[in-house]
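Residue numbers (the UniProt record's numbering), protein chains in the order written: chain Y, 1 to 504; chain R, 1 to 504. Here a beta-carbon is modelled for each residue, glycine too, at the ideal position from N, C-alpha and C. Everything numeric in this text was worked out from a predicted model, so none of it was measured.
2 protein chains.
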Amino acid sequence: MDIIRNRLVTLAYSDKPKSDEHVVPNGQAAGKNKKKLILNAFIESCSGHQSPGLWQHPDDRSSGFNDIEHWVDLAKLLEKAKIHGIFIADVLGGYDVYEDSLDPAIRSAAQWPVNEPLAVVTAMTAATKTIGVGATVATTYEQPYHLARRLSTIDHLSKGRFGWNIVTGYLDSAARNLIGKEQPQHADRYTVAEEYMKVMYKLFQSSWRDDAVVRDAKRSMYSDPDRIRTIDHDGEFYKVPGPHICQPSPQRTPLLLQAGTSKSGKLFAAQHAEAIFVLGHSPSVVKDNIAEIRLIAKEKFGRDPNNLKFLTMFCPVLGRTEEEAQAKFEDYIQYGSKEGALALFGGWTGMDLGPYGDDEELRQTESNAIKSAVESLSRAAPGVEKWTKNTVARLIMIGGMGATVVGTPAHVADEMQRWVDEADVDGFNMPYAIFPSSFEDICNTLVPELQSRGVFHNEYEVPGGTYRENFYGKTGQKQPLDEHVASKYRWRAGVPKSEARSPV
Amino acid sequence: MDIIRNRLVTLAYSDKPKSDEHVVPNGQAAGKNKKKLILNAFIESCSGHQSPGLWQHPDDRSSGFNDIEHWVDLAKLLEKAKIHGIFIADVLGGYDVYEDSLDPAIRSAAQWPVNEPLAVVTAMTAATKTIGVGATVATTYEQPYHLARRLSTIDHLSKGRFGWNIVTGYLDSAARNLIGKEQPQHADRYTVAEEYMKVMYKLFQSSWRDDAVVRDAKRSMYSDPDRIRTIDHDGEFYKVPGPHICQPSPQRTPLLLQAGTSKSGKLFAAQHAEAIFVLGHSPSVVKDNIAEIRLIAKEKFGRDPNNLKFLTMFCPVLGRTEEEAQAKFEDYIQYGSKEGALALFGGWTGMDLGPYGDDEELRQTESNAIKSAVESLSRAAPGVEKWTKNTVARLIMIGGMGATVVGTPAHVADEMQRWVDEADVDGFNMPYAIFPSSFEDICNTLVPELQSRGVFHNEYEVPGGTYRENFYGKTGQKQPLDEHVASKYRWRAGVPKSEARSPV
Chain Y
1 MDIIRNRLVT
11 LAYSDKPKSD
21 EHVVPNGQAA
31 GKNKKKLILN
41 AFIESCSGHQ
51 SPGLWQHPDD
61 RSSGFNDIEH
71 WVDLAKLLEK
81 AKIHGIFIAD
91 VLGGYDVYED
101 SLDPAIRSAA
111 QWPVNEPLAV
121 VTAMTAATKT
131 IGVGATVATT
141 YEQPYHLARR
151 LSTIDHLSKG
161 RFGWNIVTGY
171 LDSAARNLIG
181 KEQPQHADRY
191 TVAEEYMKVM
201 YKLFQSSWRD
211 DAVVRDAKRS
221 MYSDPDRIRT
231 IDHDGEFYKV
241 PGPHICQPSP
251 QRTPLLLQAG
261 TSKSGKLFAA
271 QHAEAIFVLG
281 HSPSVVKDNI
291 AEIRLIAKEK
301 FGRDPNNLKF
311 LTMFCPVLGR
321 TEEEAQAKFE
331 DYIQYGSKEG
341 ALALFGGWTG
351 MDLGPYGDDE
361 ELRQTESNAI
371 KSAVESLSRA
381 APGVEKWTKN
391 TVARLIMIGG
401 MGATVVGTPA
411 HVADEMQRWV
421 DEADVDGFNM
431 PYAIFPSSFE
441 DICNTLVPEL
451 QSRGVFHNEY
461 EVPGGTYREN
471 FYGKTGQKQP
481 LDEHVASKYR
491 WRAGVPKSEA
501 RSPV
Chain R
1 MDIIRNRLVT
11 LAYSDKPKSD
21 EHVVPNGQAA
31 GKNKKKLILN
41 AFIESCSGHQ
51 SPGLWQHPDD
61 RSSGFNDIEH
71 WVDLAKLLEK
81 AKIHGIFIAD
91 VLGGYDVYED
101 SLDPAIRSAA
111 QWPVNEPLAV
121 VTAMTAATKT
131 IGVGATVATT
141 YEQPYHLARR
151 LSTIDHLSKG
161 RFGWNIVTGY
171 LDSAARNLIG
181 KEQPQHADRY
191 TVAEEYMKVM
201 YKLFQSSWRD
211 DAVVRDAKRS
221 MYSDPDRIRT
231 IDHDGEFYKV
241 PGPHICQPSP
251 QRTPLLLQAG
261 TSKSGKLFAA
271 QHAEAIFVLG
281 HSPSVVKDNI
291 AEIRLIAKEK
301 FGRDPNNLKF
311 LTMFCPVLGR
321 TEEEAQAKFE
331 DYIQYGSKEG
341 ALALFGGWTG
351 MDLGPYGDDE
361 ELRQTESNAI
371 KSAVESLSRA
381 APGVEKWTKN
391 TVARLIMIGG
401 MGATVVGTPA
411 HVADEMQRWV
421 DEADVDGFNM
431 PYAIFPSSFE
441 DICNTLVPEL
451 QSRGVFHNEY
461 EVPGGTYREN
471 FYGKTGQKQP
481 LDEHVASKYR
491 WRAGVPKSEA
501 RSPV
């Protein structure tokens, strides 16, 4: 969630209408843009994730993340509703900025403890047929040669249903344990990440020819040495001779996901990302960033801007009536943890609200950073007169820094359409308030509503296909699009070794 | 397989009787030591593993390792026969010593390509109830903080059915890709590995109190900060403040496996290993090492020598009659790959037999290392008059550097008993000649034979239990034995933070 540090500075004024303006007849609120939505469930291998404290709700089962059934059952539930993918976020350290201590996160379970995301993937994909699974893995803490094998292996075992969310990490608490010092500067991390991606593309795409594995017993040849080559990468940060130790997996390069709206993050996304996560409390917040990244992608990297798919974080709290939804929200939020929310806020922004009194008006503190952050938040919730730690906590207690929408399926679908129309998003990355009932509500009530409006598929476009095929809705599109940088590295069947090339 | 470099120097004279001496009436060959055997299947995420070239046999399905069904079906098959565990070997580089090239390994699929072993574990344990899964992970190529999370996560998701085979790596081809230089010296690797283990024990055992996770909604407390502590490791090679990011898993520390019979390897095994892999073509080869490691464990580390379980590599080729078994062996070996065997030999020993002629007597070469290695091999196969590349290849073509025993279930069971009686092994680590039919033969014919002799259990000792409980056959023994070094680190329930201690 690199994105959030930056986000707080640029968070725009909330243009979210009051909920009662959204009660429109079912299916009557078709927006101007009927594009088919991409829907992802957003989770992490921890309890609570974007809803700190809600593990205390009697219906919440999010603490089951240590059990494999928790993951397998979720994958089955979401696949039944034809959700495109399950995205597993990750951090490798604790949120210890608030009160300069990890204790608030420990007590509230604010993304603590956190298991490794890749460990659950193959069990989930083995129990399903089509749904994709994406996972966050940072480039900062492990060698590309090793990570390339970890990711290729999972792409094989999942039959090409794997996505990689590329992050550079943002918690000092992780860096201290892994590289023995504080997190490197933001821009430096992206410089390293750029080289990292080159190594990954060389390993994934250019080290083995598409048809390198021949398994020809007559010639006693399993793989053909003329179709495998070293990559001989000798860069500023990495020296990797190769060759890649895995044969080409179904997608070769997993579907590439990314979240980042800093200057260097945007440039990175514009070149590498196929799915881009954005977040904000209202469409106007993300609109400009989306437009800018699409533009950079087109002008600087020659990509069709429509092939970058933007998913905004969006947490629906659904009820059969507005009243029921509202009551559900009020029931949920009473279990929210203030210190958990402030611990997350501290880790995301680097700002410690610990020193301030419970009733202190944060707009009058001496910290310009905090004043600016709160000013941004206040644009998302213009009704709030006094900004205190409580107000900040309440705003992010369900659904974190993304939009939380409370209402009937029709109301929530209208709101999604508004995000499409106003911010040009392509889909939604949906965290839960309560696990798994928030996802059950989405599958059982929101999905049918979206289907009846014709903005969500009734069946996967490529049942049994890869994540990328279903992501783009194109049979055969297992590997990155021709226009994508990864394709420039690909060693295609039939090309002799002497003619195989990688961009420098 | 560190062990092998060393092994070749000390390989003792083969005392393996000719096969016809082994035809004894079923069940009549009870040895002097009726200890219950531990049986493991031995595989790797590649095709062929210890039987280079046998992927060419029409019945072999070992190339299915990219499919998750390959792994899930194997786990189910072996669990049905009550096999204790499945052990997944690993290398992170190619065997490029022979002919100074990776091409022989590429052509023959000699442990090439190789996927990541951890990726299959949770799918296998989710589809079964009791069988354990162990995997090799080297300490040389990733940070302990990160690996501790990877392993704790899998121990959670497998419900405590995970084992870690600790290796330091032995292939320069891996080191070049991961640490930018040749493999560090053997002794240095073990010095680093010793510190690595301390960090792992601190994270696994001492960072969280057994009862740190309370999930007490009344006190708004998920985990209790008074029961979680940093580890503040500040050593020669690693600085890891902690705390561990995972809550205690069922075994806390996965079952610890190791293979190493160098001087430093023995010392390491004597302190850390619960299961120790050994290998040689005959019991006399491993006997002294086993006795020595048990003695060091007792005298230097205060362990009961019987609590170190030695598993020898042992590849059975089974038939209903001796003739059928022998015919099967001859059928199999015609598919063996000479260059694959020599590639493996090169990687294991560091010796390149490439420069020698096909008919050249290797005992007359100018290399003392090769002469000594071949001399050792010749003790395992005293009938061979002339040692050439072909002889070396044929000796290791099925079952690698371990014993390969061809015969009826009774014959093979006798031979196993001989290993127990003469070398004091506790069990067997069995690779396949042909996948999965070698394992089917083991499950369907050898296991019943061993059961009828009372040397193998008819049911798991702790059905649904952890790997460690079934390994030691003791209900409740989820965590390392009290005498094991890991237990000195354990922060037990009830102990106040101020009294929690770790050995320095």
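{"Check": "At least three beta-carbon pairs within less than 8 Å, the segment 153 to 165 of chain Y to the segment 335 to 353 of chain Y", "Outcome": "no"}
{"Check": "According to DSSP, residues forming a beta bridge with Y/Ala403", "Outcome": "Y/Phe314"}
{"Check": "Residue from Y/Arg453, Y/Trp164 and Y/Ala433 with nearest C-alpha to Y/Arg61", "Outcome": "Y/Ala433"}
{"Check": "Close Cβ partners of Y/Ala297 (< 7 Å) along its chain, the five nearest in sequence each way excluded", "Outcome": "Ala270, Arg303, Pro305 and Leu308"}
{"Check": "DSSP state of R/Trp208 mapped onto helix, strand, coil", "Outcome": "strand"}
{"Check": "Straight-line Cα distance separating R/Gln111 from residue 542 of chain R", "Outcome": "In the structure displayed, chain R extends from 1 to 504; residue 542 of chain R sits before or after that span and is not available."}
{"Check": "Y/His233 - DSSP class collapsed to helix/strand/coil", "Outcome": "strand"}
{"Check": "Chain-order list of residues whose beta-carbon lies under 8 Å from that of R/Pro113 (same chain, five-residue window excluded)", "Outcome": "Cys46"}
{"Check": "Interface residues of chain Y facing R/Pro382 [CB-CB closer than 9 Å]", "Outcome": "The contacting residues do not exist; R/Pro382 stays about 30 Å from chain Y at best."}
{"Check": "Interface flag, R/Thr404 vs chain Y, CB-CB below 8 Å", "Outcome": "no"}
{"Check": "Partner residues on chain R for Y/Ala275, Cβ-Cβ distance less than 7 Å", "Outcome": "By Cβ distance, chain R contributes nothing, its closest Cβ being about 22 Å from Y/Ala275, past 7 Å."}
{"Check": "Closer than 8 Å at the beta carbon, the chain Y residues around R/Asp103", "Outcome": "Pro225"}
{"Check": "Contacts of Y/Pro241 in chain R (Cβ-Cβ under 8 Å)", "Outcome": "Arg176 and Asn177"}
{"Check": "Distance, R/Val213 Cα to R/Gly427 Cα", "Outcome": "37 Å"}
{"Check": "Residues that Y/Leu171 contacts on chain R, provided the C-beta gap is smaller than 9 Å", "Outcome": "Chain R residues near Y/Leu171: none, gap ~11 Å exceeds 9 Å."}
{"Check": "Where R/Ser367 sits in the DSSP three-state scheme", "Outcome": "coil"}
{"Check": "Straight-line gap, R/Ala115 to R/His57 (C-alpha atoms, nearest Å)", "Outcome": "Here the sequence assigns Asn to residue 115 of chain R, which means Ala is not the residue at that position. Whole-angstrom Cα-Cα distance: 22 Å."}
{"Check": "Cβ pair R/Phe277, R/Ala259 closer than 8 Å", "Outcome": "yes"}
{"Check": "Contact between the segment 131 to 147 of chain Y and the segment 227 to 245 of chain Y (3+ Cβ pairs under 8 Å)", "Outcome": "yes"}
{"Check": "Buried versus exposed, by CB contacts within 10 Å (16 or more), Y/Pro496", "Outcome": "exposed"}
{"Check": "Alpha-carbon to alpha-carbon, Y/Tyr356 and Y/Gly93", "Outcome": "25 Å"}
{"Check": "Reference Y/Gly53, options Y/Ala89, Y/Ala75, Y/Ile106 and Y/Tyr98, closest by Cα", "Outcome": "Y/Ile106"}
{"Check": "Alpha carbon of Y/Val121 to alpha carbon of R/Gln479, nearest angstrom", "Outcome": "27 Å"}
{"Check": "Chain R within 8 Å of Y/Arg209, Cβ atoms only", "Outcome": "no"}
{"Check": "Three CB pairs or more closer than 8 Å across the segment 248 to 262 of chain R and the segment 216 to 234 of chain R", "Outcome": "no"}
{"Check": "Burial state of Y/Ser173, where buried means 16 or more other Cβ atoms lie within 10 Å", "Outcome": "buried"}
{"Check": "Given R/Gly85 as reference, the closest of R/Ala341, R/Leu311 and R/Thr445 once Cα atoms are compared", "Outcome": "R/Leu311"}
{"Check": "Straight-line Cα distance separating R/Trp491 from Y/Glu366", "Outcome": "43 Å"}
{"Check": "Inter-residue CB distance, R/Gln326 and R/Val406 (contact presumed, cutoff 8 Å)", "Outcome": "6 Å"}
{"Check": "With 16 other Cβ atoms within 10 Å as the buried cut-off, status of Y/Gly494", "Outcome": "exposed"}
{"Check": "Endpoints, beta strand (DSSP E) assigned at R/Asn429", "Outcome": "Gly427 to Met430"}
{"Check": "Segment contact, 8 Å Cβ cut-off, at least three pairs: the segment 280 to 290 of chain R with the segment 401 to 420 of chain R", "Outcome": "yes"}
{"Check": "Bridge partner(s) assigned by DSSP for R/Val167", "Outcome": "R/Ala138"}
{"Check": "Identified DSSP bridge partners for Y/Glu440", "Outcome": "None, per the DSSP bridge assignment."}
{"Check": "is_contact[R/Ile106, chain Y] using C-beta, thresh 8 Å", "Outcome": "yes"}
{"Check": "Where the beta strand (DSSP E) containing Y/Val485 begins and where it ends", "Outcome": "It is not in any beta strand (DSSP E) - Y/Val485 carries neither H nor E in the DSSP assignment."}
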